[in-house]
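S.K.: Just so we're aligned, residue 1 is where the sequence shown starts under full-length UniProt numbering, counting upward by one. Got a structure for you, questions after.
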Amino acid sequence: MEEAFRKEDFDVGVKSMEMRQTPPFEIAIVIDSKNLESKSHEFGGDVVGHLITELSNAGLIVEKVDGANFLTFLKIGAPVDVIGREASRLKLRKPTNVGLDVVFDWERRDSFVRQPLGDALFSWTERYQCIISIIDSVYGPDNVPLVKKLQDGGVIKEVMALHQEQQRQWLLKHWALRFMDLTRQPLDVLSAYFGAKVAIYFAFLGMYTRWLLFPAALGIFLHFTDQGPMEPAVPPIYAMIVVIWAVVFLQFWRRQNAALQNKWGLSYESEEIQTIKSLTREQRGVLLQKTSQQQAYGANVSEQEAQILGREEWLSRIRSVKNSMIAVTCILCVQFPFELLYAHLNKYAPNDIIKYIFTGVYLLIVQYLTKIGGQVGIALTKSEHLVSKEAAANSMIYKVFGLYFFQSYIGLFYQAILHKDFNTLRSMLAQRLIVSQLMSNVVEDLIPYMTYRWTEYKAMKADAQIKKDMGEKPHDSHDTHSLSVEKEFYSPKYEASVGNEFEDGLFDDFLELAVQFGMVTMFASAYPLVAMFAFMNNLVEIRSDALKLLVTMRRPAPRRPASIGAWLTIFQNLGVVAIVTNCALLVCLYDDAGRWKIEPGLAAILLLEHLLLLAKFGFSWFVPEEPAWIKARRIKKAFIQDHVSHRLLEMLEKNTEDEILHDIQNPMLG
């Protein structure tokens, strides 16, 4: 399917990247010249010159560009040999030609698999990681990281990734502006340009949208046709179909995700590998020293260490549950009166226009309240002191979505279960999906673009006034060559609305999809047209998100996850919650006159069933699958393995693939 996109033009930009005499500039350092005087005495009066010299001595290619408003930009690139040696120092794991992932060694680079696009040795994610590492490893005269010191002193404002104009224009033409392609997307190209995390998001969004076509078409048919005597059976049958659809979709997504992992050379990083990567240089040194001292005992954990780890593990989980319950209770107490007011106003609004206005105001307020809830979730996550950044990000996702779940659906459940007003519920679902899409385009696309234009205009105007007062020539705003990096600097960052220290802008995009998925599955029996609205919304979302990334936002820093991570767990749990909510909605739907009589014993059994279902999932989270000391032991083993894996690479260099396979299959020979 992707061959129709004609990736040859994009390949040209990638293929020659590592072969150029002058490598492309992929990162920029933004310097505020107004603050140079405070540091000039430490570097002989020329801070920028000293920084350029040190970066050049580290092997980087640096080009200085003077911008407006006392800004200076250092565009940075790195030759492939510099990146390769840094990859060896960082012990990056890469797949080899015999199918094993081992620590990269620049001297044995021919043993490693090249990228599917452009035949490059390193992906954009790996290049970015290596260049940033080189920048961070440049030290000043006082043996302190130079860039960090200048950042703390206000001299360096930003270190940011740069767009590659030729490839960006290709993506605009063949992806963002191809509205008639519906869900078709050049996923390989997205992975090569943005990194695997962005590509996996768009792969999930495209597949989810395609799969929505079935419940959307079925919902339209059931809503606009007369089923006659079968009409009472339609809601439960449709609800059952949607729940099964959700389960099957998520299973097929896992298959698709596995295929993408294999295609892009991704692999799941175990928790111990993530923990090792999160360690500072000092922490690594301490762990290595302890490992050397305990070589006689291998990777075992002492009994005293196991007791301490076990106690901290349970105290951490109990503290997490307590804090989360307090936060949810407080937020519900704050938001519930507001939900009652909105339900009352929406019910007695004189016409649909007023209802849509009320819904827009309501969603704006809910958005503000959810940001407050998000900040609470961030505070709770930080209180857990998680070592791995990925573990902290997943913890934040669970907490923020949990709060968002209560805040987003409380009004809908209020109408459905307490008021049993299904006409109002259907109206609210339609209003939310329509208004939320319009608001999403305004908040995510229009407002950032207008903010970018206004910020750029103010900066140019201020620079012109300063130059005029000094009798100098104003900065030429039409000099696109010198200002391309400056325009990117004025563009907004692609970051999460909450918790940007843990997650990037994809957090908000996945959050929208999760809330939408919940509406499609949990309210299927009440309003079959929800899937249709979601399908239409996502067709627009694919292209609007593409334009946002290519036109409005800065190029995001790449990350390399192997899956959608914690979001997959959330989607799966929403499918389980959908079973409970649809059953409750069906009871309310068929008992709108209060004629159903349920025996107390049967009611108790039904209540017990639901409580046991909740307990099952609650305890599966609360009780970890393995003790903390087992995790600690695996971390030690992974750390030891990390230091000896290069020996396998030496063996690969000496033996052919056939010889290695022969030795594996015939271990007793010779």
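Positions of the beta carbon are idealized from the N, C-alpha and C atoms, including for glycine. Quick caveat, the model's predicted, so the values are computed rather than measured.
1. Taking a contact to mean a Cβ-Cβ separation below 9 Å, would you say isoleucine 83 touches leucine 55 in this structure?
2. Taking the alpha-carbon positions, what's the glutamine 367 to arginine 426 distance?
3. Quick one: what's got a C-beta closer than 7 Å to glycine 594's C-beta in the same chain, skipping five residues either side?
4. By how many angstroms is the C-alpha of methionine 180 removed from the C-alpha of isoleucine 378?
5. Along the chain, which unbroken stretches of the beta strand (DSSP E) at least 3 residues long are found entirely within the region 74-109?
6. Beta carbon of alanine 349, beta carbon of glycine 411: below 9 Å?
7. Which partner residues of methionine 160 appear in the DSSP bridge assignment?
8. Indicate the three-state DSSP secondary structure (helix, strand or coil) for threonine 359 in the structure shown.
9. By Cβ distance below 7 Å, which residues in the same chain neighbour glutamine 293 in space, the five residues on each side in sequence not counted?
10. Return the chain-ordered list of same chain residues with a C-beta closer than 8 Å to the C-beta of leucine 60, the five sequence neighbours on each side being excluded.
11. Should glycine 195 go down as buried or exposed, given a rule of 16 or more other Cβ atoms within 10 Å for buried?
12. For valine 62, write down the residues that DSSP places opposite it in a beta bridge.
13. Just the C-alpha distance for lysine 149 and arginine 255, rounded to the nearest angstrom, thanks.
14. Going by DSSP, what residues sit across from proline 145 in a beta bridge?
15. Any chance the region 213-225 sits against the region 556-575, with 3 or more Cβ pairs inside 8 Å?
16. Identify, in the order they occur along the chain, each residue of the same chain with its Cβ nearer than 6 Å to the Cβ of threonine 22, setting aside the five sequence neighbours on each side.
17. Could you have a look at leucine 117 and say whether DSSP puts it in helix, strand or coil?
18. Using the Cβ count rule (16 or more neighbours within 10 Å means buried), how would you classify threonine 521?
19. Identify the residues that DSSP records as bridge partners of leucine 71: which are they?
20. Mapping DSSP to helix, strand and coil, what is phenylalanine 406?
21. Relative to the C-alpha of valine 147, which residue among His50, Val576, Leu549 is closest?
22. Any idea if arginine 319 is buried or exposed, counting beta-carbon neighbours within 10 angstroms, 16 or more meaning buried?
23. Out of Ile354, Phe358, Gly374, which one is the CA nearest neighbour of phenylalanine 338?
24. For phenylalanine 535, which beta-bridge partners are listed by DSSP?
25. What is the DSSP secondary structure of aspartate 504, counted as helix, strand or coil?
26. Going along the chain, which residues of its own chain have a beta-carbon closer than 8 Å to the beta-carbon of alanine 296, five neighbours each way excluded?
27. How would you label tryptophan 454, buried or exposed, when you count the other beta carbons within 10 angstroms and need 16 or more for buried?
28. Would you kindly report the start and end of the unbroken alpha helix (DSSP H) that includes alanine 196?
29. Please report the distance separating the alpha-carbon of methionine 240 from that of glutamate 512.
30. With a cut-off of 8 Å on the beta carbons, I'd call isoleucine 156 and valine 30 a contact; round off their distance for me.
31. Let me make sure I understand the geometry here. Which of Thr53, Val65, Ala161 has the alpha-carbon closest to that of lysine 493?
32. Can you give the Cα-Cα distance for isoleucine 326 and glutamate 486, rounded to whole angstroms?
33. Is phenylalanine 510 helix, strand or coil when you go by DSSP?
34. Rounded to whole angstroms, what's the CA-CA distance from asparagine 69 to alanine 28? Just pull it up for me.
35. Does the separation of the CB atoms of leucine 585 and alanine 526 fall below 9 Å?
M.R.: The answer reads as follows:
1. Within the sequence shown, the letter at position 83 stands for residue 83. Within the sequence shown, the letter at position 55 stands for residue 55. No, they are not a contact pair.
2. The residue given as residue 367 occupies position 367 in the sequence shown. The residue given as residue 426 occupies position 426 in the sequence shown. Whole-angstrom Cα-Cα distance: 21 Å.
3. Here residue 594 is taken as the residue at index 594 of the sequence shown, counted from 1. Low local confidence applies: a pLDDT of 47 at glycine 594 is under 50, so the model's placement there is unreliable, and no value is given.
4. Within the sequence shown, numbered from 1, the residue matching residue 378 stands at position 378. Within the sequence shown, numbered from 1, the residue matching residue 180 stands at position 180. Going from the Cα of isoleucine 378 to the Cα of methionine 180 covers about 40 Å.
5. 93-95, 101-103
6. The residue given as residue 349 occupies position 349 in the sequence shown. The residue given as residue 411 occupies position 411 in the sequence shown. Against a cut-off of 9 Å, the Cβ pair of glycine 411 and alanine 349 comes out as no contact.
7. Numbered from its first residue, the sequence shown carries residue 160 at position 160. DSSP output for methionine 160 lists Ala28 as bridge partner(s).
8. Taking the sequence shown and counting its residues from 1, the one referred to as residue 359 is at position 359. Residue state, collapsed to three classes: helix.
9. Here residue 293 corresponds to residue number 293 of the sequence shown, with the count starting at 1. Residue confidence for glutamine 293 is low, a pLDDT of 45 falling below 50, so the modelled location carries little weight and cannot support an answer.
10. Walking along the sequence shown from the start, residue 60 turns up at place 60. Once the five neighbours on either side are set aside, the close Cβ partners of leucine 60 are Ile76, Gly77, Ala78, Val82, Ile131, Ile134, Ile135.
11. In the sequence shown, residue 195 corresponds to position 195, counting from 1. Answer is buried; the Cβ neighbour count reaches 16.
12. Your numbering for residue 62 matches position 62 in the sequence shown. According to DSSP, valine 62 bridges with Ile76.
13. Within the sequence shown, residue 149 is the residue found at index 149, counting from 1. Within the sequence shown, residue 255 is the residue found at index 255, counting from 1. Spanning the two alpha carbons is a distance of roughly 46 Å.
14. Within the sequence shown, residue 145 is the residue found at index 145, counting from 1. In DSSP, proline 145 forms a bridge with Tyr139.
15. no
16. In the sequence shown, the residue the question calls residue 22 occupies position 22. There are no such residues.
17. If you number the sequence shown from 1, residue 117 lands on position 117. Coil.
18. Within the sequence shown, residue 521 is the residue found at index 521, counting from 1. Threonine 521 is buried by the Cβ-count criterion.
19. Start at 1 with the first residue of the sequence shown, and residue 71 comes out as number 71. Paired residues: Asp32.
20. Counting from one through the sequence shown, the residue named residue 406 turns up at place 406. It is helical.
21. Counting from one through the sequence shown, the residue named residue 147 turns up at place 147. That would be His50, whose Cα lies nearest to the Cα of valine 147.
22. Taking the first residue of the sequence shown as 1, we reach residue 319 at position 319. Result: exposed.
23. What you label residue 338 is simply residue 338 of the sequence shown in a count that begins at 1. Out of Ile354, Phe358, Gly374, Phe358 has the C-alpha closest to the C-alpha of phenylalanine 338.
24. Translated into positions along the sequence shown, residue 535 becomes position 535. Answer by DSSP bridge pairing: none, since phenylalanine 535 is not bridged.
25. For this step, residue 504 is matched to residue 504 along the sequence shown. Here aspartate 504 sits in strand by DSSP.
26. Numbered from its first residue, the sequence shown carries residue 296 at position 296. Low local confidence applies: a pLDDT of 39 at alanine 296 is under 50, so the model's placement there is unreliable, with the coordinate-based value given in what follows. None.
27. Sequence index remark: in the sequence shown, residue 454 carries index 454 (1-based). Exposed is the call here.
28. As a working note, residue 196 is residue 196 in the sequence shown. Residues 196-224.
29. As a working note, residue 240 is residue 240 in the sequence shown. As a working note, residue 512 is residue 512 in the sequence shown. In a straight line, the C-alpha of methionine 240 is about 24 Å away from that of glutamate 512.
30. One-based indexing of the sequence shown puts residue 156 at position 156. One-based indexing of the sequence shown puts residue 30 at position 30. Contact holds; Cβ gap of about 7 Å.
31. By one-based count along the sequence shown, residue 493 stands at place 493. Selected option, being the one with the closest Cα: Ala161.
32. One-based indexing of the sequence shown puts residue 326 at position 326. One-based indexing of the sequence shown puts residue 486 at position 486. When rounded, the distance between both Cα atoms is 46 Å.
33. Position 510 of the sequence shown, counting from 1, holds the residue named residue 510. Phenylalanine 510: helix per DSSP, three-state reduction.
34. Start at 1 with the first residue of the sequence shown, and residue 69 comes out as number 69. Start at 1 with the first residue of the sequence shown, and residue 28 comes out as number 28. When rounded, the distance between both Cα atoms is 17 Å.
35. Working through the sequence shown from its first residue, we reach residue 585 at position 585. Working through the sequence shown from its first residue, we reach residue 526 at position 526. The answer is yes: Cβ separation under 9 Å.
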